Amino acid sequence: MPVCYDKLWKLLIDRKMKRTDLKDMAGISFNVLAKMGKGETVSSESLYKICMSPNCNIGDIMEFSDEKIK
């Protein structure tokens, strides 16, 4: 199931944050960020941590894409 995290990247830009700032704030690993950068799925625990850091909801950081997996 293709996942798009563009909303998260835009949120970070709006809040003048870097991905490493999010990593430190949320307590997630570089591997999680790398997977998200590639549009891969990550654990619900990681998504929860990310949502709690900038105080947002899951719909504010991701959406499912209609594109087919190649």
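Residue 1241 in the numbering used here sits at position 50 of the sequence shown, and the numbers go up by one each step.
Heads up, the beta-carbon is just placed ideally off N, CA and C, and yes, glycines get one too.
Bear in mind that the values here come from a model prediction, so they are computed numbers and not experimental data.
Problem - Neighbourhood of K1207 by C-beta distance below 8 Å, restricted to the same chain and skipping five residues each side - result: Counting from 1 along the sequence shown, the entry for residue 1207 is found at position 16. Excluding sequence neighbours, K1207 sits near nothing in its chain.
Handout entry: CA-to-CA distance, F1255 to D1215, given in whole angstroms
Key = Translated into positions along the sequence shown, residue 1215 becomes position 24. Translated into positions along the sequence shown, residue 1255 becomes position 64. Answer to the nearest angstrom: the Cα atoms are 26 Å apart.
Problem - Secondary structure of C1242, DSSP reduced to three states - result: By one-based count along the sequence shown, residue 1242 stands at place 51. If DSSP states are grouped into helix, strand and coil, C1242 belongs with the helices.
Exercise for the section: In the DSSP assignment, find the alpha helix (DSSP H) that holds M1208 and state where it starts and stops. Expected result: The residue given as residue 1208 occupies position 17 in the sequence shown. That residue, M1208, is in no alpha helix (DSSP H); it is neither H nor E in DSSP.
Problem - Start-to-end residues for the alpha helix (DSSP H) that takes in D1251 - result: Position 60 of the sequence shown holds residue 1251. Per DSSP, D1251 is one residue of the alpha helix (DSSP H) stretching across I1249 to I1252.
Problem - Beta carbon of Y1196 nearer than 9 Å to that of M1253 - result: As a position in the sequence shown, residue 1196 is number 5, starting the count at 1. As a position in the sequence shown, residue 1253 is number 62, starting the count at 1. At a Cβ-Cβ threshold of 9 Å, Y1196 and M1253 count as neighbours.
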